[in-house]
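Presented below is the structure to which this report refers.
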Amino acid sequence: MTGDIRALLARHLPDYRVRSVNRLGHGLDNFVYEVNDELLVRRSRVADPQANRQEVARLAAVRELSPLPVPEVVFADDETGTIAYRKLPGTPLNQHHSADLDPSRLAEPLGAFLSAIHGAIPATMRDLAPLDVYPAPTLLRDAELDYRDIERHVPEPQRPLVERFLREPPPAEPQSLRFCHNDLGAEHVLVDADTGTITGIIDWTDAAITDPAHDFALIYRDLGPDLLDLTLAHYEFPVTSEDRARIRFYARCALIEDLAYGLSTGPRHYADAALAHLPWTFTT
Numbered sequence: 001m002t003g004d005i006r007a008l009l010a011r012h013l014p015d016y017r018v019r020s021v022n023r024l025g026h027g028l029d030n031f032v033y034e035v036n037d038e039l040l041v042r043r044s045r046v047a048d049p050q051a052n053r054q055e056v057a058r059l060a061a062v063r064e065l066s067p068l069p070v071p072e073v074v075f076a077d078d079e080t081g082t083i084a085y086r087k088l089p090g091t092p093l094n095q096h097h098s099a100d101l102d103p104s105r106l107a108e109p110l111g112a113f114l115s116a117i118h119g120a121i122p123a124t125m126r127d128l129a130p131l132d133v134y135p136a137p138t139l140l141r142d143a144e145l146d147y148r149d150i151e152r153h154v155p156e157p158q159r160p161l162v163e164r165f166l167r168e169p170p171p172a173e174p175q176s177l178r179f180c181h182n183d184l185g186a187e188h189v190l191v192d193a194d195t196g197t198i199t200g201i202i203d204w205t206d207a208a209i210t211d212p213a214h215d216f217a218l219i220y221r222d223l224g225p226d227l228l229d230l231t232l233a234h235y236e237f238p239v240t241s242e243d244r245a246r247i248r249f250y251a252r253c254a255l256i257e258d259l260a261y262g263l264s265t266g267p268r269h270y271a272d273a274a275l276a277h278l279p280w281t282f283t284t
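Numbers 1 to 284, taken from full-length UniProt numbering, label the letters of the sequence shown in order.
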């Protein structure tokens, strides 16, 4: 596959000298490669030219909206589902020890970022991001099916927390939808190791017009309730008790999904993080 990446680079950047191509990892939909420690090349498992063009246009729009850096496209190859970006500085937040991070350095920029992104007029983003409306009862049913497959891996004292959640009724559906990152897990927030400041927000593949609570849910799941509250304090839109209920609900469904993924076809670190964060996600 690295040979294919080299061929794409030669086609789109003929004067660019390629010294190294390293595969960084993969997700459900994409493989990611690092080139010369300065470019990131994301290639879809299944090429979708229209989706590729949409993502390029979406990133251009997001760069105008976001107060935090987002990837800059260097080239796109629609037929192979490939997009090359300039590498942003910093490392993913999930690779940092939480005790070494100052929550205030994260919460204020995250609150400002989400205010800007969620503040986009949805109608202006409809051509750039799909509508993502997945009913809460369906999410809860999916979460239970996932959990039954992996519940033996959950420490026995914590199983009642999950069982109680699965018995509870799902929250009411949101009253309004906004443009969202829609996958704002800690692995997609880059941070400078020396200063603890956010240096970028990456991976906009799943961006959608959806419930803003989805973005806060992954902050809650990955970074805890205290950082969630601090982030919400810097968020310019009102957040109701119903919104908070959906944040908790989505976080719990997402944690179960990550646990099942990490224990089956995905990288093990997804499962390890899910188990580490299960107590705060299901008790607060």
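Beta carbons are placed, not taken as given, at the ideal position from N, Cα and C, and that holds for glycine.
According to DSSP, residue i sits in a beta bridge with which residue or residues?
i, result
"Phe179", "Ile209"
"Ala84", "Val41 and Phe75"
"Tyr33", "Arg23 and Val41"
"Thr91", "Val191"
Start and end of the beta strand (DSSP E) containing residue i?
i, result
"Phe75", "Val73 to Asp77"
"Ser20", "Unbroken run through Ser20: none, as it is neither H nor E."
"Leu190", "Val189 to Val191"
"Val62", "Where Val62 is concerned, there is no enclosing beta strand (DSSP E), although the alpha helix (DSSP H) it sits in stretches over Pro49 to Leu65."
"Ile198", "Ile198 to Ile201"
Please return the same chain residues whose Cβ sits closer than 7 Å to the Cβ of residue i, not counting the five positions on each side in sequence.
i, result
"Ala245", "Pro171"
"Ala57", "Leu128"
"Leu65", "Ala116, Ile117 and Ala120"
Select from the options the residue whose C-alpha is nearest the C-alpha of residue i.
i, options, result
"Val70", "Glu79, Thr82 and Gly90", "Gly90"
"Val18", "Val189, Asp127, Gly27 and Leu39", "Leu39"
"Arg152", "Thr281, Pro225 and Ala260", "Ala260"
"Phe75", "Asn52, Glu236 and Thr265", "Asn52"
"Leu88", "Ala107, Gly224, Val133 and His188", "His188"
"Arg141", "Glu72, Thr197, His12 and Ala254", "Ala254"
"Ile201", "Arg268, Glu236 and Pro109", "Pro109"
"Leu184", "Gly111, Arg159, Gly196 and Ile121", "Gly111"
"Asn30", "Glu144, Asp203, Phe165 and Phe179", "Asp203"
"Pro212", "Leu190, Leu177 and Thr197", "Leu177"
"Thr281", "Ile256, Gly266, Thr265 and Gly25", "Ile256"
"Ala143", "Val162, Pro155, His181 and Asp226", "Val162"
"Tyr134", "Pro155, Arg164, Asn182 and Val239", "Asn182"
Measuring straight from C-alpha to C-alpha, what distance separates residue i and residue j?
i, j, result
"Ile219", "Ala186", "7 Å"
"Tyr147", "Thr283", "17 Å"
"Phe113", "Leu68", "6 Å"
"Val21", "Gly3", "9 Å"
"Asp222", "His277", "7 Å"
"Asp100", "Pro130", "37 Å"
"Asp15", "Val35", "14 Å"
"Asp78", "Ala47", "7 Å"
"Gln50", "Leu13", "22 Å"
"residue 293", "Phe237", "Here the chain has residues from 1 to 284 only, and residue 293 is not among them."
"Arg252", "Ala208", "20 Å"
"Leu8", "Gly81", "11 Å"
"His97", "Ala193", "10 Å"
"Thr199", "Ala10", "29 Å"
"Leu93", "Val73", "22 Å"
"Thr210", "Glu173", "11 Å"
"Asp226", "His214", "17 Å"
Leaving out five residues before and five after residue i in sequence, what residues of the same chain have Cβ atoms less than 8 Å from its Cβ?
i, result
"Leu228", "Phe216, Ile219, Tyr220 and Ile247"
"Arg268", "Gly262"
Skipping 5 residues on each side, what residues in its chain have a beta carbon closer than 6 Å to that of residue i?
i, result
"Asp258", "Tyr270 and Ala274"
"Leu230", "Pro103 and Ala107"
Comparing the C-beta of residue i with each C-beta of chain D, is any distance below 8 Å?
i, result
"Pro160", "Within the model displayed, chain D is absent; a lone protein chain is all it includes."
So residue i is in the alpha helix (DSSP H); what residue range does that whole segment cover?
i, result
"Leu263", "Ser241 to Leu263"
"Glu108", "Pro103 to His118"
"Val133", "First-last for Val133: undefined, no H or E at that position."
"Val46", "Note, Val46: premise wrong, no alpha helix (DSSP H); not H, not E."
"Leu275", "Arg268 to Thr283"
"Arg159", "Arg159 to Arg167"
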